[in-house]
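Chains as they are written, first to last, in numbering that gives the first Met the number 0: chain A, 0 to 82; chain B, 0 to 82; chain C, 0 to 739; chain D, 0 to 230.
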Amino acid sequence: MKFRVRVLVRLRPSVYDPQGQAIRKAIAADPRLSAESVRQGKMFDLEVKAGSPSEAKARAEEIASRVLANPVLEDFSVQVLLD
Amino acid sequence: MKFRVRVLVRLRPSVYDPQGQAIRKAIAADPRLSAESVRQGKMFDLEVKAGSPSEAKARAEEIASRVLANPVLEDFSVQVLLD
Amino acid sequence: MRDAATLEAALASGLSTEEFRQIGTLLGRPPNPTELGMFSAMWSEHCSYKSSRRHLARFPTESPRVIEGPGENAGAVDIGHGLAAVFKVESHNHPTFIEPFQGAATGVGGILRDIFTMGARPVALMNSLRFGPLSLPKNRALFTGAVAGIANYGNSMGIPTIGGEVFFEDCYSLNPLVNAFALGIAPADRIFRARAEAPGSPVWCVGSKTGRDGIHGASMASAAFDEEAEAKRPTVQVGDPFLEKLLMEACLELMQGDALIAVQDMGAAGLTCSTSEVASRGGAGVEIDLDHVAQRETGMNAYEIMLSESQERMLLVVRSGREAEVTRIFDKWDLDAAPIGSVSGDGLLRVRHQGQVAAEVPCRALTDDAPAFDRPAARPSWWPSPEVTPADLPEPTDWNAVVRELAGSPELASRRFVYEQYDHMVRSDTVVRPGGDAGVVRIKGKELGIAMTLDGNGRYTARDPRRGGALAVAEACRNLAAVGATPVGATNCLNFGNPERPEIMWEFTEAIAGMTEALEALAVPITGGNVSFYNETEGQNIFPTPVVGVVGVLDDATRRIAQHFAAAGDLLFLAGPEGGDALGASAFLKEHHGRTDGRPPKPDLDAEVRLGAFLRAAGAAGLAASARDLSEGGLAAAAVESLFAPDGSRLGAELQVECAGRLEGTLLGEGPARALLSVRPGDAEALAALAAREGVPLAAVGSVGGDALRIRVNGSRIVSLDLDGLADVFRNSLGRMALA
Amino acid sequence: MARFAVLVFPGTNCEGDVLHAIEAVTGQPAALVWHKEGSLDGFDAAVVPGGFAHGDYLRAGGLARFSPVMEPLIEMAESGRAVVGICNGFQILQEAGLLPGAMLRNVSLSYVCRDVRLRVEANSSPLTCGLAPGTTLRMPVGHAEGNFRADDDVLEALEADEQVIFRYCDDGGEASDAANPNGSRNNIAGVRNARGNVAALMPHPDRAYEEALGGVDGCRLFESLHRFTES
Ligand SMILES: Nc1ncnc2c1ncn2[C@@H]1O[C@H](COP(=O)(O)OP(=O)(O)O)[C@@H](O)[C@H]1O
Ligand SMILES: [Mg+2]
Numbered sequence: 000m001k002f003r004v005r006v007l008v009r010l011r012p013s014v015y016d017p018q019g020q021a022i023r024k025a026i027a028a029d030p031r032l033s034a035e036s037v038r039q040g041k042m043f044d045l046e047v048k049a050g051s052p053s054e055a056k057a058r059a060e061e062i063a064s065r066v067l068a069n070p071v072l073e074d075f076s077v078q079v080l081l082d
Numbered sequence: 000m001k002f003r004v005r006v007l008v009r010l011r012p013s014v015y016d017p018q019g020q021a022i023r024k025a026i027a028a029d030p031r032l033s034a035e036s037v038r039q040g041k042m043f044d045l046e047v048k049a050g051s052p053s054e055a056k057a058r059a060e061e062i063a064s065r066v067l068a069n070p071v072l073e074d075f076s077v078q079v080l081l082d
Numbered sequence: 000m001r002d003a004a005t006l007e008a009a010l011a012s013g014l015s016t017e018e019f020r021q022i023g024t025l026l027g028r029p030p031n032p033t034e035l036g037m038f039s040a041m042w043s044e045h046c047s048y049k050s051s052r053r054h055l056a057r058f059p060t061e062s063p064r065v066i067e068g069p070g071e072n073a074g075a076v077d078i079g080h081g082l083a084a085v086f087k088v089e090s091h092n093h094p095t096f097i098e099p100f101q102g103a104a105t106g107v108g109g110i111l112r113d114i115f116t117m118g119a120r121p122v123a124l125m126n127s128l129r130f131g132p133l134s135l136p137k138n139r140a141l142f143t144g145a146v147a148g149i150a151n152y153g154n155s156m157g158i159p160t161i162g163g164e165v166f167f168e169d170c171y172s173l174n175p176l177v178n179a180f181a182l183g184i185a186p187a188d189r190i191f192r193a194r195a196e197a198p199g200s201p202v203w204c205v206g207s208k209t210g211r212d213g214i215h216g217a218s219m220a221s222a223a224f225d226e227e228a229e230a231k232r233p234t235v236q237v238g239d240p241f242l243e244k245l246l247m248e249a250c251l252e253l254m255q256g257d258a259l260i261a262v263q264d265m266g267a268a269g270l271t272c273s274t275s276e277v278a279s280r281g282g283a284g285v286e287i288d289l290d291h292v293a294q295r296e297t298g299m300n301a302y303e304i305m306l307s308e309s310q311e312r313m314l315l316v317v318r319s320g321r322e323a324e325v326t327r328i329f330d331k332w333d334l335d336a337a338p339i340g341s342v343s344g345d346g347l348l349r350v351r352h353q354g355q356v357a358a359e360v361p362c363r364a365l366t367d368d369a370p371a372f373d374r375p376a377a378r379p380s381w382w383p384s385p386e387v388t389p390a391d392l393p394e395p396t397d398w399n400a401v402v403r404e405l406a407g408s409p410e411l412a413s414r415r416f417v418y419e420q421y422d423h424m425v426r427s428d429t430v431v432r433p434g435g436d437a438g439v440v441r442i443k444g445k446e447l448g449i450a451m452t453l454d455g456n457g458r459y460t461a462r463d464p465r466r467g468g469a470l471a472v473a474e475a476c477r478n479l480a481a482v483g484a485t486p487v488g489a490t491n492c493l494n495f496g497n498p499e500r501p502e503i504m505w506e507f508t509e510a511i512a513g514m515t516e517a518l519e520a521l522a523v524p525i526t527g528g529n530v531s532f533y534n535e536t537e538g539q540n541i542f543p544t545p546v547v548g549v550v551g552v553l554d555d556a557t558r559r560i561a562q563h564f565a566a567a568g569d570l571l572f573l574a575g576p577e578g579g580d581a582l583g584a585s586a587f588l589k590e591h592h593g594r595t596d597g598r599p600p601k602p603d604l605d606a607e608v609r610l611g612a613f614l615r616a617a618g619a620a621g622l623a624a625s626a627r628d629l630s631e632g633g634l635a636a637a638a639v640e641s642l643f644a645p646d647g648s649r650l651g652a653e654l655q656v657e658c659a660g661r662l663e664g665t666l667l668g669e670g671p672a673r674a675l676l677s678v679r680p681g682d683a684e685a686l687a688a689l690a691a692r693e694g695v696p697l698a699a700v701g702s703v704g705g706d707a708l709r710i711r712v713n714g715s716r717i718v719s720l721d722l723d724g725l726a727d728v729f730r731n732s733l734g735r736m737a738l739a
Numbered sequence: 000m001a002r003f004a005v006l007v008f009p010g011t012n013c014e015g016d017v018l019h020a021i022e023a024v025t026g027q028p029a030a031l032v033w034h035k036e037g038s039l040d041g042f043d044a045a046v047v048p049g050g051f052a053h054g055d056y057l058r059a060g061g062l063a064r065f066s067p068v069m070e071p072l073i074e075m076a077e078s079g080r081a082v083v084g085i086c087n088g089f090q091i092l093q094e095a096g097l098l099p100g101a102m103l104r105n106v107s108l109s110y111v112c113r114d115v116r117l118r119v120e121a122n123s124s125p126l127t128c129g130l131a132p133g134t135t136l137r138m139p140v141g142h143a144e145g146n147f148r149a150d151d152d153v154l155e156a157l158e159a160d161e162q163v164i165f166r167y168c169d170d171g172g173e174a175s176d177a178a179n180p181n182g183s184r185n186n187i188a189g190v191r192n193a194r195g196n197v198a199a200l201m202p203h204p205d206r207a208y209e210e211a212l213g214g215v216d217g218c219r220l221f222e223s224l225h226r227f228t229e230s
């Protein structure tokens, strides 16, 4: 079976986020908008073959930890999308 | 009150995602990993001042459509994080 | 085959009633909807050049060096040492307006494919950009997005971007221009051509998979913008520079052998254009089966596959029996490559899909039989625009303020913000970096250098298209001469408004006439180019903007002339005719007085020829420590530009001029055929003798040195700007405006 | 004689520059090694050059570690031979765990190509063994993700152990903010591993090895690398 899995990768809270900073500035420049803080991360939607949702999750976690996230800077979370 | 809001920005399904393609190919080289497809998107965690969750959501939607997502290529979804 | 298409469908696709009838005659029956789509794309202005073809025929296109003139994917000229320079410029204006990053990026991708399809390895890029004023946020987003997109694509490909130009005018607010230039090097006797001969040869589609992106791109680029077009907008093409880098390496590797008969990139009108052009150039036909085309999306119909403009794809015509070589090389680079059909002898483009014939059209009907118009041209009533002289203008009182203002103006400020985003050093061959008059790359292991520049001034052309056209060519050649190079060939991109308007056609024909005069006088052949019409949004046309790219050679690249002052104590000379004080359509008028009127300076082509010969001789003899051509902003701008070298070093200068009347013309006039040189004191006499021999007037105008830019007029100092402050204004203003 | 391997990943684009610079500066042979090779036998040192390996998709250098050549490269590093990265090569060595830290996007968020000045901080690496600490050098950078990051404790340890080998500095040799082209912590432009045989920098010595290119300071790094392989 194929499962859709979503992986979110975020910079660890202690890491400076230049892109988030720039976006916060852009938001502040528009008088109609405001945000106290912005942190940018990455999102990956995977299709994974597996026998069960929990197996799909385990496979995606493997991919996330080996590939999608850089452990020096980033954390990740994995969620199987059940539609 | 401050709310944490998560905005996910995805390439519209018809739009080519070279990054996702390249990631899928690279992980195929590792026998322990495999994914049928990969699509990369962006994630933004915002802190927004608002009187209620629904107001926070509306504000974040405004930010997403004006700043975070490129309407020519991307869709977005907004979710207030209640922790 | 499917049902016949209707006239309504034809009209909706941009064809005229007459064209629809003509298609019926060519086919002997009405077209089906897929065929109609193919005609609509191939007969669009963008692909067929129907309004421009007759006029382009006027350009001079021959010289002993020309190997390939207009007609192929790119032009090629012999540069000696058994090598050819292969180059072309192309527009990506409409895609950039829709999505600046991807639009500009895919423009770079497209022009690079044009170069490596010829068997040439790309070694340099340039681009010419026009946007509306940076005071508007939308224009800032377009500008920064387009620059980032160009950077992303060129940098990833590992090809240095070594030159270009950027200008800002109101008329480009809704219609920015992005013209991308690429140059490659090939062995002069191994240029690949896109001609399918030898019936039976397999035809391959290689590179990226085909998706629904960019369907209708060709017709979109052939229509004026309005809100309806905005709604019809096709899926934006997303560039994949990584894939193109692999495609380039694979193609160039394959071209080392002789397994290929022809190569054609897929740009506008995708498979339709590449198959029909390759076949009709070779007098052959092509039969393809769309079931074999690798597809990115499911359920695509024949129409969509034939008209997809997915990027990073190529069509190959392979020698029968050599398929394994293609497979081996494309496997090595992890790229899709599949045979989709073969060359036929019947002259037809026959398209099969899911077991049926989806289209069957004579290749020539799509290409050579496309309509060609002689559209009416009419001179507008305002022409000629009146001259502007200083007498019409309030006199500046504070010249320090004027020079500082101009040095930091959108028109004249350093383009560092742009070119530092471009990798201009990769390949370790860049010997004149951006920021000078022309970029120069050397060829490792040889003394040879190749110089290139891209020039055009829409304001000039708007006020006097003939002069503007000639001045663009003249400036480009002057820029090459300023580094010591000899022009050997030119390409051009003609960005104009709606050709269905007689005054636009007049601008077009006049600009071509002016360009032709200058090209002939300077003995530079055109080897190719591109026309972008319908740069009209909501009824507003852009300034007519011809952009000229000229390529030159330096037989000894170590003898190039430096672009920045070299040493304190050097003497300054102004070379070229006196009386270059024309202010019409000048940068000064625009930036100081907010006016874009007046008549641009009268070209002086004889003087340009003499100046070019003089500068090259001075360079070859090592007599010029530095040189700068005079163009927008005149003498003052040339001096400011010469102060700050790319390595961060800087030298002051003192200009000393005599002036009987008003100063504006002397300091800021834009008369042509002039250059500012710095010279070691011991060489001054020899330089003067050389100038006399070449018939170029030479005037002493000061010296290099000190910690400021100073200007003395008739003995009294009117400008003194310290280098730190001036450096900040000149080098950082554009970035500040862009990121405001 | 020393033999240098110059690795080529799909998307690498400075392999020719590095090859040419090594041969021109050291007079020693160098060879391009395609990423699908499973062996680096016979080479005394390896250089991972700049470019956009796998398009720099996901993260700069992030997808290169799946290439077969990474295994022998890691072995080479473990055996004490010299492994050197330039620009994208630096990022690849970080992603492979051979060098500390990670690169974020430049604070300007833009690619930056221009000359920078570097100060040599330590001569305990294959890139600096022939250079006196305090020496300043000029050469171009060209990158979008060169903003060196590491956690505070890691950074402290790197500094204490003299693993920082280059810092961006101004004309006066000061490691000022203005001289920092990308926002790197502590103006770090180059580092080495603890053992002292793996090193990398973001700037391009391979673009500064002949007067024609506007500078020759890059030669000193290739000379050092040559000297390291002889010792
Ligand atoms: N302004 C021009 N001057 C000279 N030749 C031109 C000009 N515009 C187009 N051409 C030539 O017409 C041919 C078709 O151009 P084009 O359709 O832009 O090529 P492509 O199919 O690569 O996009 C090319 O050989 C090109 O060089
Ligand atoms: Mg072409």
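Where is the CB? At the ideal position from N, CA and C, for every residue including glycine.
For clarity, every value in this text was computed on a predicted model and none was experimentally measured.
Check                                                                                                                         : Outcome
Residue 358/C - DSSP class collapsed to helix/strand/coil                                                                     : strand
Beta-bridge pairing of residue 259/C - partner residues as DSSP gives them                                                    : 317/C
Start-end ranges of the alpha helix (DSSP H) lying completely within the region 124–203 of chain C, minimum 4 residues        : 136–156
Neighbourhood of residue 49/C by C-beta distance below 8 Å, restricted to the same chain and skipping five residues each side : 42, 369, 370, 371, 372
Which listed residue (74/A, 78/A, 21/A) has its alpha carbon closest to that of residue 9/A                                   : 74/A
8 Å contact criterion, which residue 610/C and residue 597/C should meet: CB distance rounded                                 : No, residue 610/C and residue 597/C are not in contact; Cβ-Cβ is about 24 Å, not under 8 Å.
Among 133/C, 322/C, 197/C, nearest to residue 738/C - alpha-carbon criterion                                                  : 133/C
Exposed unless 16 or more other CB atoms sit within 10 angstroms - verdict on residue 9/C                                     : buried
Span of the beta strand (DSSP E) around residue 139/D                                                                         : 135–142
Inter-stretch contact (C-beta, 8 Å, three-pair minimum) for the region 427–445 of chain C and the region 556–563 of chain C   : yes
Below-7 Å beta-carbon distance, residue 734/C vs any chain D residue                                                          : no
DSSP-derived helix/strand/coil call for residue 76/C                                                                          : strand
Buried or exposed by the 16-neighbour rule on C-beta atoms within 10 Å, applied to residue 48/B                               : exposed
Exposed unless 16 or more other CB atoms sit within 10 angstroms - verdict on residue 68/C                                    : buried
N- and C-terminal bounds of the beta strand (DSSP E) containing residue 673/C                                                 : Here residue 673/C belongs to no beta strand (DSSP E), and DSSP marks it neither H nor E.
Residues within the region 50–66 of chain D neighbouring chain C, beta-carbon criterion of under 8 Å                          : 50, 51, 53, 54, 55, 56
Start-end ranges of the alpha helix (DSSP H) lying completely within the region 274–344 of chain C, minimum 4 residues        : 301–306, 322–331
Cα-Cα separation between residue 446/C and residue 129/D, rounded to whole angstroms                                          : 32 Å
Residue 114/C versus 296/C, 313/C, 19/C, 55/C, residue with shortest Cα-Cα distance                                           : 313/C
Same chain only: Cβ atoms within 6 Å of residue 207/D, ignoring 5 sequence neighbours per side                                : 138, 214, 216, 217
Sub-7 Å separation of residue 175/C and residue 95/C beta-carbons                                                             : yes
Selection of the region 206–217 of chain C by Cβ proximity to chain B, strictly under 7 Å                                     : 210, 211, 212
Unbroken beta strand (DSSP E) run spanning residue 218/D, endpoints                                                           : Per DSSP, residue 218/D belongs to no beta strand (DSSP E); it is in the alpha helix (DSSP H), 217–229.
Exposed unless 16 or more other CB atoms sit within 10 angstroms - verdict on residue 229/C                                   : A caution first: residue 229/C carries a pLDDT of 46, below 50, which makes its placement in the model too unreliable to give a value.
Partner residues on chain D for residue 154/C, Cβ-Cβ distance less than 7 Å                                                   : 110
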